[in-house]
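Structure first, commentary second.
Number of protein chains: 2
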Amino acid sequence: MASLKDISKICGVSVATVSKALNNHTDIGEETKEYIRKVAKELGYSPNSSARALKTRRTYGIGVLFVDEAMSGLTHDYFSAVLDSFKRTVEKFGYDITFINCCKERENRMSYLEHSRYRGFDGVVLACIDFHDPEVIELVQSDIPVVTIDHLFNDRIGVVSDNVGGIRELLEYIHDCGHSRIAYIHGAPSAVTTNRLSSFYRTAEQLGMEIPDEYIREAAYRDTHTTYQVTNELLDLPDPPTCILYPDDFAAFGGINAIRERGLRIPSDISIAGYDGIRAARHLEPKLTTVRQDTEQIGCVAARQLVSLIERPKSTLIEHITISGRVIEGRSVAKI
Amino acid sequence: MASLKDISKICGVSVATVSKALNNHTDIGEETKEYIRKVAKELGYSPNSSARALKTRRTYGIGVLFVDEAMSGLTHDYFSAVLDSFKRTVEKFGYDITFINCCKERENRMSYLEHSRYRGFDGVVLACIDFHDPEVIELVQSDIPVVTIDHLFNDRIGVVSDNVGGIRELLEYIHDCGHSRIAYIHGAPSAVTTNRLSSFYRTAEQLGMEIPDEYIREAAYRDTHTTYQVTNELLDLPDPPTCILYPDDFAAFGGINAIRERGLRIPSDISIAGYDGIRAARHLEPKLTTVRQDTEQIGCVAARQLVSLIERPKSTLIEHITISGRVIEGRSVAKI
DNA sequence: TGTCATAACTTAATCGTTTTCGTAGTTTTA
DNA sequence: TAAAACTACGAAAACGATTAAGTTATGACA
Numbered sequence: 019m020a021s022l023k024d025i026s027k028i029c030g031v032s033v034a035t036v037s038k039a040l041n042n043h044t045d046i047g048e049e050t051k052e053y054i055r056k057v058a059k060e061l062g063y064s065p066n067s068s069a070r071a072l073k074t075r076r077t078y079g080i081g082v083l084f085v086d087e088a089m090s091g092l093t094h095d096y097f098s099a100v101l102d103s104f105k106r107t108v109e110k111f112g113y114d115i116t117f118i119n120c121c122k123e124r125e126n127r128m129s130y131l132e133h134s135r136y137r138g139f140d141g142v143v144l145a146c147i148d149f150h151d152p153e154v155i156e157l158v159q160s161d162i163p164v165v166t167i168d169h170l171f172n173d174r175i176g177v178v179s180d181n182v183g184g185i186r187e188l189l190e191y192i193h194d195c196g197h198s199r200i201a202y203i204h205g206a207p208s209a210v211t212t213n214r215l216s217s218f219y220r221t222a223e224q225l226g227m228e229i230p231d232e233y234i235r236e237a238a239y240r241d242t243h244t245t246y247q248v249t250n251e252l253l254d255l256p257d258p259p260t261c262i263l264y265p266d267d268f269a270a271f272g273g274i275n276a277i278r279e280r281g282l283r284i285p286s287d288i289s290i291a292g293y294d295g296i297r298a299a300r301h302l303e304p305k306l307t308t309v310r311q312d313t314e315q316i317g318c319v320a321a322r323q324l325v326s327l328i329e330r331p332k333s334t335l336i337e338h339i340t341i342s343g344r345v346i347e348g349r350s351v352a353k354i
Numbered sequence: 019m020a021s022l023k024d025i026s027k028i029c030g031v032s033v034a035t036v037s038k039a040l041n042n043h044t045d046i047g048e049e050t051k052e053y054i055r056k057v058a059k060e061l062g063y064s065p066n067s068s069a070r071a072l073k074t075r076r077t078y079g080i081g082v083l084f085v086d087e088a089m090s091g092l093t094h095d096y097f098s099a100v101l102d103s104f105k106r107t108v109e110k111f112g113y114d115i116t117f118i119n120c121c122k123e124r125e126n127r128m129s130y131l132e133h134s135r136y137r138g139f140d141g142v143v144l145a146c147i148d149f150h151d152p153e154v155i156e157l158v159q160s161d162i163p164v165v166t167i168d169h170l171f172n173d174r175i176g177v178v179s180d181n182v183g184g185i186r187e188l189l190e191y192i193h194d195c196g197h198s199r200i201a202y203i204h205g206a207p208s209a210v211t212t213n214r215l216s217s218f219y220r221t222a223e224q225l226g227m228e229i230p231d232e233y234i235r236e237a238a239y240r241d242t243h244t245t246y247q248v249t250n251e252l253l254d255l256p257d258p259p260t261c262i263l264y265p266d267d268f269a270a271f272g273g274i275n276a277i278r279e280r281g282l283r284i285p286s287d288i289s290i291a292g293y294d295g296i297r298a299a300r301h302l303e304p305k306l307t308t309v310r311q312d313t314e315q316i317g318c319v320a321a322r323q324l325v326s327l328i329e330r331p332k333s334t335l336i337e338h339i340t341i342s343g344r345v346i347e348g349r350s351v352a353k354i
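Written out as structure tokens, the structure reads:
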């Protein structure tokens, strides 16, 4: 509640001097600074970010747009882990993160861009959203520094998980285990899905594997219901696969249920693999073989890039950065 | 980028008129308003929250302190669900949420209270933290409107999940299924744990169940390692329980692994129950019998209370609100 | 015709900081 | 010893918005 003015009165100096003293400018005497700092502490002075932002045009605030199907990215294992890492990193640089309002029902709501301007975000990070939404495009095309995660735009910094490499290594690992009849239940269409699927086909080809069309099926991410069904359909094929890849670890749970219900055992009767490396999959038997996306790194790199873009716009390269994942060898793929 | 001044120049009216027109005050002519709104739209005008906050002393910002052991509450299933609901609710009232910086390593960092004052939060919500931390106490005792979740302070609004009722109903359900030798692996000491444990003892007594001391064991929340071990120890007892309660669903996974490793089946050989009702537990077989905490309601009520406290401080009751959970009947408790 | 409301503005202060440009007073330099 | 340089501080404007208080012009009313 105490302001610079209060301090200046007590110290008998001008407001300017107090401001400069507390910001450690060089043109204030050392003992004056000391005195001012002491009084400031006694008064419990705390600067006012609004006033500062108004004057300096820097809020040290970063807008976060994380929305998934359910209108929120917070309960999404993968994205919340990325966000967590992002948050920790920007906080080290003195930034705070604020969510860009995404409740679209509200009358008189602001668009993402309007909201970002209103709050004066120094930069924004986007992930887990519908990147074809006109509002998103508008925000990305604006003059606000932006970093996107798991989606790339021209002339904008983007950080993506290496889906191509991830699927390749996973498939190579499974192939090394002796499998060649491998099915892939992939996620709903998106850039991520396209990359993974292409990589799947290419790698299969390179490894000399023949993948029948009926082995490639679509489900949705984190949708156990569809994977349950499709798994049953795959197992009912006259020539069923020996290993099934799922859209992600969570979706794999649906498959696990289907398999267990038939009295089959993982991995002795059928092998499976997930994607993501979520916590639950690490702690349940059979420990899921999966590709662990480096959420720590993705969030951290996105944060560093954004801060760099904000603070050193001229010297920051606009680049697309790929963060590779790692195959986690669980016990869900049999060596045959 | 356009300000009221820019609009006022174009419209040939004063800045005050523009401000009042855009805020729909009554002392501006209808056609003037119309014109001003039109020009504002053309210029892509967006108000500046910093300037507004500076003048009105209201930021429409809410500080969130969600920290768990790992210095983050974001990857915590239960709390991220609560936060998600909280966020959606306050957004409806026009508030944005910002995380209170919790990285304690930073030199020259602000305390939680300092940070909250710096950002001028209209209110703060606390959850999932060490409520004995002096910094937390300082924040709670300050004049900033505060709501705590799953912990209660005198003279401060608190919203808690009904742990007493939850455990009671769960135990009654299990008792109804025919169990009387029930073990409880509880979480690390905390207010939540104390409530659950007391409720466990009391309910057991009321139901006429004898609970041997060796049936009550301590683990940590979300710690599969300890539950794995302790489950084994319980099963090795000369007179093992027929049902084991775990600190939470996630921790139950450790127990599930121990049980399966011994070739035992759930629930025919041993019954188990969790707590929380996390997503993963709903989608895995055997579907876990658990107490689903109403995260939606907890977050929503906390949000409404906080907004009320901010906007109508005089008429808002300082109360402690308990949100009841619900026993979810899975397939992990045998009827015997 | 003079008085009074009312409608529709404007003026000017203010919120808390930052920052540029001074300006004294002191010390160094030539 | 006079000019130059440096030190330590202050005055004042500015950031963008809000708002209390004042000012016209217009019309109503007696």
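Residue numbers (the working numbering), protein chains in the order written: chain B, 19 to 354; chain R, 19 to 354. Built from N, CA and C at the ideal position, the CB exists for glycine as well.
Following the DSSP letters along the chain, one finds residue 317 of chain R inside the alpha helix (DSSP H) bounded by residues 313 to 329. Closer than 9 Å at the C-beta level to chain R, one finds these residues of the stretch 39 to 68 of chain B: 62, 64, 65, 66, 67 and 68. If you keep only unbroken alpha helix (DSSP H) runs of at least 4 residues inside the stretch 181 to 260 of chain R, you get 181 to 194, 209 to 224 and 242 to 253. Here the alpha carbons of residue 33 of chain B and residue 43 of chain B stand approximately 14 Å from one another.
The DSSP-derived three-state label of residue 338 of chain B is strand. When B/204, B/353 and B/342 are compared, the shortest CA-CA separation from residue 269 of chain B is found for B/204. Burial state of residue 338 of chain B is exposed, judged by a 10 Å Cβ sphere holding fewer than 16 other Cβ atoms. The C-beta distance from residue 175 of chain R to residue 182 of chain R rounds to 19 Å, too long to meet the 8 Å contact threshold. Residues of the stretch 229 to 240 of chain R with a Cβ closer than 9 Å to any Cβ of chain B, in chain order: 240. Distance between residue 294 of chain B and residue 258 of chain R, taken at the CA atoms: about 38 Å.
Under the 8 Å criterion on CB atoms, residue 271 of chain B is classed as interfacial with respect to chain R. Separation of the CB atoms of residue 68 of chain R and residue 30 of chain B is rounded to 30 Å, and the pair is thereby denied contact status at 8 Å. Contact between residue 323 of chain R and residue 177 of chain R holds: their C-beta atoms lie close to 7 Å from each other, under 8 Å. By the rule that beta-carbons nearer than 8 Å mark a contact, residue 72 of chain B touches chain R.
Around the beta-carbon of residue 64 of chain B, 16 or more other beta-carbon atoms lie within 10 Å, marking it buried.
Within the stretch 120 to 136 of chain R, contact with chain B at the beta-carbon level (separation under 7 Å) is assigned to 121, 124, 132, 135 and 136. Of the candidates B/169, B/81, B/100 and B/103, the residue whose Cα lies closest to the Cα of residue 132 of chain B is B/81.
Per DSSP, residue 354 of chain R has no beta-bridge partner at all. Nearest Cα to residue 289 of chain B within the set B/45, B/350 and B/281: B/350.
Taking a Cβ-Cβ threshold of 8 Å, the residues of chain R close to residue 275 of chain B are 301, 302 and 303, in chain order. Judged by beta-carbon spacing, residue 110 of chain R lies within the 8 Å limit of residue 121 of chain B, meaning their Cβ atoms are closer than that value. By the CB criterion at 8 Å, residue 147 of chain B and residue 210 of chain B fall outside the cutoff. Contacts between residue 138 of chain B and chain R, judged by CB atoms closer than 9 Å, involve 66, 67 and 68 in chain order.
Residue 62 of chain B has its alpha-carbon roughly 10 Å from the corresponding atom of residue 56 of chain B.
In chain order, 303 make up the part of chain R whose C-beta sits under 8 Å from the C-beta of residue 278 of chain B. By the rule that beta-carbons nearer than 8 Å mark a contact, residue 109 of chain B touches chain R. Residue 101 of chain B is not a Cβ neighbour of residue 134 of chain B, given a cutoff of 8 Å. Within 7 Å of the CB of residue 117 of chain R, the CB atoms of chain B belong to 105, 114 and 115, in sequence order along the chain. Within the stretch 241 to 265 of chain B, the residues whose Cβ lies closer than 7 Å to some Cβ of chain R are 242, listed in chain order.
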